[in-house]
Each structure stands twice: as C-alpha cells, then as structure tokens.
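Written out below as structure tokens is the structure these notes cover.
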Amino acid sequence: MSRTMKNIDSFTHVRGESLFVDDLITRQDTLHGVVFDSPKAHGKITSVDYSKAAALKGVVKIFTHKDIKGENQIGGIMPDEPLWAEDEVHFWGQPIAFIVAESEVIAKKARKLIEIDIQDLPVITTAIEAKAMKSFISAPRYFKLGDTKAAFSDCEYVYEGETFSNGQEHLYLETQGCYAVPQENGSIKITSSTQGPTQVQKATARVLGVPMHKIEVDVIRLGGGFGGKEDQATPWAVMTAVAVQYLNKPVKYILNRHDDLRMTGKRHPYSSFFKIGLNKDLKIIAFEAEFLQNAGAAADLSPAIAERTLFHATNSYFVPNVSTTVHSCKTNLPPNTAFRGFGGPQGMFVIESAIAKAADQMGIDKRKIQEANLLAEGDEFPYGQIASNVEAQNSWFTAKDKFGVEQLEKEVKDFNSKHEHFKKGISFMPITFGISFTNTPMNHARALIHIYQDGSVGVSTGAVEMGQSVNTKMLQVAKLALGISAEKVKLETTNTTRVANTSPSAASSTADLNGKAVDMACSALIERLTGVAAKMAKAENEKISFQEDHVFVDGKKSRITWEALVAQAMLERVALSENAHYATPTIHFDKTKEKGHPFAYHVYGTAITGVTVDCVRGTYEIDYVKIVHDFGISMNMGIDLGQVEGALAQGIGWMTLEEIAYDTNGRLLSNALSTYKVPDIFSAPKIIETIPVETEGNKMAIHKSKAVGEPPLMYGIGAYFAIQQAVKAFNKNYELKFHAPFTPEKVLMGLYEKN
Ligand code: LUZ
Ligand code: MOS
C-alpha cells in the first residue's frame with residue numbers, strides 16, 4: 029500500500045472551512061444554555077433563589093434536578109454522579125442548574141442573579157488526606173508477581189521514597205460543547221464534541237427516561253480531546269437534551285474557557301510510595317509501590333485509570349518480584365478523568381523515580397540500572413501476560429548506537445566542566461505501553477460501507493476524528509482494500525444511527541479497532557464484486573483483483589473500470605453495502621486473580637533527552653529529544669510523527685511546566701492561560717529526531733501499523749530526569765526529589781538548597 033497520505037482534513041483546516049459544533053448553522057429559534065455551578069467545594073445547599081434570574085427578560089427556563097423525567101445520574105462506571113446537584117455539592121464547579129435563554133449573554137447575566145446558600149462541610153483536596161480519612165471511590169487493587177518480602181531480604185541495595193505527579197489540563201483548543209435539536213415524536217438529535225457518541229446517547233436516554241433509539245448523536249470532528257471528552261463531554265449534551273425535551277426547541281451550549289477549566293476534571297494527581305531492591309549486578313529483584321490516585325468527587329473513569337497505572341508500574345523492565353497497590357481516593361475536586369496515557373504515565377514516573385534514587389545513592393548512572401533490566405522476549409509482566417515481539421532492548425540499543433550516546437554524554441561532561449552557571453543533563457526514557465482497552469469487553473468496533481451506484485464510496489465507523497487523523501487512516505484502509513483512488517472515498521461523520529454501540533475513541537486503539545472493521549467490510553464487498561467481475565471478464569474468480577480503479581485479470585489491468593463493475597453489480601442486484609464487526613481476538617483478563625492477557629500488543633521505544641539549566645535563574649531549555657520509536661510498520665509516517673511530536677510536547681509540559689493549583693477550599697487557582705503555563709514553541713525541544721525501530725510489525729495492529737496516540741507522551745518523563753541531573757551537577761548537596769512538574773521555581777530551590 030502507499031504508506032503515506034496527507035491528512036484529508038488539511039485543505040479545509042487551512043482554509044478555516046472545517047466544521048466544529050460551534051460552526052453549525054443553527055435553527056432560528058435556537059436557545060442558549062449556560063450552567064450555574066457550585067461556588068463551594070463541599071457543603072449542604074440550604075437555599076437557592078432563582079427568582080431574580082428567572083425574571084430577567086429573555087430567560088426561558090432554569091432547569092434543575094426537579095425537571096428530570098428519568099434518572100438524575102450520569103455515572104459511567106459507577107452510578108455516583110448526578111447531572112445536577114440536589115442537596116449537597118461535592119466540588120467547586122459542580123453543575124447545579126442550567127439556565128436557558130434567548131441568548132448566551134442573557135443566560136450569563138441571569139447566572140449572576142442566582143443566590144445560593146451553602147453550609148460548609150470539610151473539604152479534602154489531596155489523595156493523602158483522603159486516604160487518612162478512608163475516603164475512597166472504590167476498593168483498592170493489588171497486582172503481585174513473585175514474593176517481594178522474601179526478595180528484599182536477598183537484595184544488596186534497598187531504597188524507599190515518595191513521589192508526586194500533578195494533574196494536567198487537557199486544553200483541547202475547542203472547548204466542550206453541543207447542539208441539540210428536537211425531531212419528531214420526542215426524538216432528539218445531538219451534535220456533540222465527544223470522543224464517546226454512544227456514552228452521550230446512553231446517558232441522555234437514561235436522564236430523559238426515553239429509549240436509546242430516540243437519541244441520535246452525531247460527531248463531525250473535535251478540536252482535540254486528549255481523553256477530556258471521553259466521559260466529560262456527556263453532561264453538557266444531556267443538559268441541552270433535557271431542555272429540548274421540555275421546550276421542544278433547539279438548545280446550544282458551548283462552554284467558554286473559564287467555565288470549561290473550572291467545571292471539568294483533569295489528569296489525576298498521584299501521590300506514591302516506592303521501595304526498590306537491587307542485587308550486585310544492578311538487577312532489580314523487587315519492587316513495591318503504593319499509588320494514591322486523586323480521583324475527585326465522583327468515579328468517572330478513575331477505577332479504570334487506576335488499573336492502567338498498575339499495568340504500567342514496571343514500565344519497560346522485567347522485575348521478578350512485584351507488589352503494587354492503587355487506591356482511588358475520593359476528594360472534593362472536579363472528577364478527574366481520562367488523559368492521554370490514562371494512568372500509565374503516573375505509574376511509569378514512579379519506577380523511573382525509584383531507579384533515579386537508587387542510582388543516586390549507589391553513585392552510578394541511572395541508565396546503567398535501566399539498561400540492566402530491560403524487558404526481553406518471554407518475560408512475564410506482573411499481570412501475567414508474557415512479553416512477545418519485544419522491542420525494548422532493540423529500541424534502547426538502536427538509540428545508543430544511532431544517536432552516538434558516548435559523544436552525547438561527553439558533551440555534557442565537557443560542557444559542565446567548563447561552565448559554572450549553566451549545567452547540562454541527559455536522560456534515557458524507555459517506554460512500554462499496552463494497547464487495548466484494559467476492560468476487555470470494550471475492544472470492538474464496526475464499520476458501515478456503502479458503494480453508491482456511481483462507484484463512489486461512503487465509510488462510516490465508530491471512530492471519532494479529533495485531530496489524530498484517524499479518518500485519513502480509515503480512508504487509506506478502504507481505498508487499499510477496494511483498489512480505488514482516494515477521491516472515490518468519503519469519510520462520514522460518526523453517528524450513532526449508522527454505527528451503534530461504539531466504544532469511545534480512546535486507548536490509542538481507534539485506528540486498530542475501526543480499521544480492522546473497515547478492512548473486513550471491504551473484503552466482504554470485494555468478495556461479492558469478484559463474482560460480478562469474473563463474469564464480465566470471462567475469467568475465474570481466483571484471477572480477479574482490484575487495483576487502480578480497474579478490474580485486474582491475472583495481475584493485468586483489464587478495460588473494466590470500477591464504475592462499470594459497480595453499475596453491472598447494480599443490474600445484477602448485488603448488495604453494495606456492508607456492515608462489519610471486529611472484536612480483538614486473544615485478549616482476556618481475570619480481575620479476581622489480576623492475571624491474564626489484557627493487551628493485543630505493546631508499543632516500545634526509547635528517548636534520549638538533553639537539557640541545559642540556567643543555574644542563576646532556574647530556567648531550562650530542552651536541547652534535544654532523540655527517539656527510537658516502535659511504529660510497527662507505519663501506514664502513514666507523516667501522521668504518526670505528528671502524534672509522536674505532539675505527545676512528547678504534552679508529556680514534557682506535564683513534567684515541567686503545567687502546574688494545576690487548587691487552594692485548600694478546593695477552588696481552582698490555575699483557572700486561565702495566564703496562570704496555567706502550557707508548552708509553546710519556546711519551550712519545545714530545539715531538536716526532535718525520531719527514527720523507527722526496525723521491526724516485523726504486529727498483525728494485531730491495522731496493516732501492522734501500531735497504535736501511536738498515547739505511548740510517546742511518556743518520553744516526556746525523560747525531561748524531568750535530565751533536568752534533575754543538571755541540578756545535581758550544579759549542587760552536589762541537592763537531595764533528589766520526585767515532585768512533578770519540575771517548574772523553574774522548583775529547579776531554583778533545588779539549585780540552592782543546602783548550597
Ligand atoms: N479509556 C478506557 C482509555 O476506557 N479504557 C482504557 O483502557 C483506556 N486506556 C487509555 C486511554 N483511554
Ligand atoms: Mo483516552 S486517555 O480518551 O485514550
């Protein structure tokens with residue numbers, strides 16, 4: 029196949045013609061909503077006075093839980109989240125009511141007129157406090173391999189420590205939003221900026237008390253999701269639908285940035301504790317970790333995210349004795365949610381911290397320990413899966429070789445010996461990331477393909493386009509399978525009436541799951557068309573193939589065009605539509621034993637990060653990140669490199685700059701782009717070099733092109749340890765701390781502590 033193609037959205041993106049929810053032409057009678065949310069993180073609502081707001085000219089109705097005909101419940105994994113608060117509020121920003129007015133301006137004015145009294149209850153903002161108060165979302169989970177207790181007594185070196193990694197704001201360019209329009213007989217069509225159209229449909233049906241077939245959800249594309257719209261696009265869509273059900277008029281709600289930042293959950297902050305044991309040969313013999321996940325005020329996806337932390341707690345290393353625990357801690361923050369990596373990055377930061385601590389105490393290079401413990405073929409993960417087609421060592425040694433590590437390390441040493449006020453650091457960051465939803469039943473997808481009678485093709489899948497270019501990949505799969513040119517194939521919107529019961533576009537698995545379904549649907553169509561073509565060409569079925577918009581006979585182009593073939597198939601009344609269902613084979617997981625084979629495959633890679641720290645100011649620059657990445661056999665290197673670079677920048681941001689801050693009352697302080705620093709072009713690495721590992725690829729991946737959305741984010745963890753090394757080079761007395769993000773402020777304090 030041609031393993032390259034420009035993103036099919038680039039033309040309309042560049043011209044500003046791509047449609048997002050807010051670009052839809054609305055009906056003239058459209059009303060506009062805005063949420064009234066809690067101004068306190070925890071308390072009893074003693075009174076709310078809506079009268080002044082309701083009296084404002086242009087206000088149509090203020091909706092509360094009392095207006096719900098079905099259930100006041102939007103919890104996905106667990107039924108613990110009301111759409112609108114009833115008697116109690118559990119986080120600052122929790123929706124209490126929905127004001128619907130003739131314009132957004134009026135709705136916002138009305139919001140200011142609502143008077144509320146809340147009787148304060150104690151506020152918990154950290155996972156550590158929550159654990160002390162036994163405030164949990166769900167039961168703890170434990171993964172075990174071997175016997176750590178016995179193993180520690182055999183270890184030459186044992187170290188313990190603690191870590192913290194902060195949350196992260198998704199900052200999708202397009203904020204949350206939706207537009208709901210009444211149809212006949214109580215049906216509602218919702219256009220939503222969601223990664224999970226089916227979640228939106230299901231939650232809406234539940235709250236409205238109507239069957240799912242009354243609710244149609246359509247998704248054109250998202251201006252970014254990053255996990256923030258896997259579950260948390262739902263409430264706004266449901267609220268507009270409640271209003272439509274009552275008013276029988278279209279209702280639109282696009283959150284502004286402040287409302288979005290305040291009301292939505294983020295990546296989970298984690299407080300963690302580790303114990304690591306090594307023998308004389310630097311082998312990690314035992315590893316224990318306890319993860320305290322700050323889940324916020326409701327479950328959302330937290331238990332699944334907690335689980336993925338345990339799956340990634342040993343990163344790219346084989347450790348024979350492992351014992352890990354995760355507690356999903358209930359606090360009074362907005363429910364934290366999916367974010368690219370889904371708990372994996374938080375897990376990997378801890379073992380990297382443990383290795384850094386061990387290396388520091390032993391007085392050796394961190395990378396010696398990393399290198400001595402890399403996963404090999406046949407190693408067992410703590411969850412029972414046996415590693416196969418492992419590229420951990422391949423990517424590591426390729427990076428060392430291709431990027432000339434000796435030279436890079438010499439540069440650091442030379443530079444540091446010559447410069448007093450600037451210091452360089454270098455780090456290695458291997459990654460191993462499991463591909464599949466950890467919840468096995470979610471690993472399925474469908475595609476619906478129509479060949480129209482003029483030969484053009486429409487492809488519908490469950491995949492949501494969110495800038496990751498999944499539609500381009502789907503188009504590549506279809507055009508290759510049908511042997512036709514790209515212009516003949518159109519990717520349709522993602523719509524619950526065409527493709528039902530979808531899993532969210534998440535877990536890096538969207539292209540694999542939906543691409544396999546597209547491939548299957550095309551194969552079925554081709555099989556039927558082969559019969560027609562064979563008759564037309566007077567040849568046997570086996571001799572027929574489809575390429576270059578023509579029927580090929582015996583590998584040679586015939587005069588029968590695709591169009592002529594399709595026209596003939598119509599005359600012969602051959603079905604030109606096909607629906608296919610793909611469910612990942614092989615995978616399984618037993619939660620009672622915490623063992624199984626949960627992942628279709630793993631993605632591997634190694635990043636080398638070089639930084640320079642300004643030791644007067646505490647600022648730093650990322651000189652380079654050099655990556656050897658396991659793409660499998662990429663079906664579109666342009667797109668995949670974009671994913672690597674974007675994920676890397678996002679990972680570096682999480683580790684270095686992005687500092688979510690809540691005060692002790694649970695109020696978000698980093699509530700604007702002036703107080704929350706996201707990486708920009710000035711903080712981007714000066715050089716990003718990415719080369720593919722040489723590999724056979726993996727058949728479980730679509731066209732052997734491995735999932736690429738999430739794994740490269742974790743290369744960003746390398747920035748933390750490169751900066752740490754530079755700080756240590758300046759200040760020998762610096763005591764290693766593992767408290768991310770490593771902001772310039774923390775760097776400065778590290779440079780001068782005990783110095
Ligand atoms: N979402 C989900 C995910 O529901 N399950 C997962 O395992 C997952 N993994 C990564 C990102 N999103
Ligand atoms: Mo996700 S973190 O919605 O793949």
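Residues 29 to 783 in this note's numbering are what the sequence shown lists, from first letter to last. We put the beta carbon where it would ideally sit given N, CA and C, even for glycine. In this text the structure is predicted, and so the values were computed from the model without any measurement.
The beta carbon of P532 sits closer than 7 Å to at least one heavy atom of ligand 2.
Nearest to D65 by C-alpha distance, out of P263, C206, H449, is P263. I152 sits close to N360, with the two beta carbons spaced by under 8 Å. When secondary structure is reduced to three states using DSSP, R285 falls in the helix class. If you ignore the 5 residues before and after S351, its C-beta comes within less than 6 Å of the C-beta of K172, T176, E316, all in its own chain and listed in chain order. The beta-carbon distance between L402 and S455, rounded to whole angstroms, is 15 Å. This is too long to meet the 8 Å contact definition. Judged by their CB atoms, P739 and G666 are not nearer to each other than the 8 Å cut-off. The three-state reading of DSSP puts S300 in strand, counting E and B together. Shortest gap from the CB of F627 to any heavy atom of ligand 1: 7 Å or more. The beta carbon of A689 is closer than 6 Å to those of L697, S698 in its chain, skipping five residues each way along the sequence. Counting C-beta atoms within 10 angstroms of its own C-beta, S131 has fewer than 16 neighbours from the protein chains shown and is therefore classed as exposed. Closest in C-alpha terms to D288, from the list I650, L199, V347, comes L199. Contact between K358 and S551 fails: their C-beta atoms lie close to 48 Å from each other, not under 8 Å. DSSP, reduced to helix, strand and coil, places A382 within a helical segment of the structure shown. Contact fails between the stretch 152-161 and the stretch 115-133, because fewer than three Cβ pairs, one in each stretch, are under 8 Å apart. The shortest CA-to-CA distance from A384 to any of W120, E405, F302, E434 is the one to F302.
Only buried fits S662, as 16 or more other CB atoms lie within 10 angstroms of its CB. Inter-segment contact for the stretch 313-330 and the stretch 220-228 is absent: fewer than three beta-carbon pairs are separated by less than 8 Å. Ranked by Cα distance from E722, the options K732, I715, M728 are led by K732. The continuous beta strand (DSSP E) containing P123 extends over residues 123-129. Pairing A135 with V62 gives a Cβ-Cβ distance under 8 Å.
Nearest to M742 by C-alpha distance, out of N664, L669, M376, E724, is M376.
Scanning T203, K277, K242, T620 for the CA closest to the CA of V88 turns up K277.
The alpha carbon of Y170 has as its nearest neighbour, out of F39, V354, L310, G71, the alpha carbon of V354. Under DSSP, Q321 shares a beta bridge with Y298, S356. Within the stretch 689-743, the runs of beta strand (DSSP E) that reach at least 3 residues and sit entirely inside it are, in chain order, 715-720. For M457, the pairing in a beta bridge is given by DSSP as A635.
8 Å or more divides the Cβ of G490 from the Cβ of G252. If you draw a straight line from the Cα of T74 to the Cα of M267, it is about 23 Å long.
A residue is called buried once 16 or more other Cβ atoms fall within 10 Å of its Cβ, and D708, having fewer, is exposed. Between H657 and V672, the gap from beta carbon to beta carbon is short of 8 Å.
Using a 10 angstroms sphere on the CB of Q211, the tally of other CB atoms stays under 16, which defines it as exposed. As DSSP reads the structure, S488 sits in a beta bridge with L476. For Q678, there is no enclosing beta strand (DSSP E); the residue is part of the alpha helix (DSSP H) that begins and ends at 665-684.
Classified as exposed, V133 has fewer than 16 neighbouring CB atoms from the shown chains inside 10 Å of its CB. The Cβ atoms of S193 and Y298 sit closer than 8 Å to each other.
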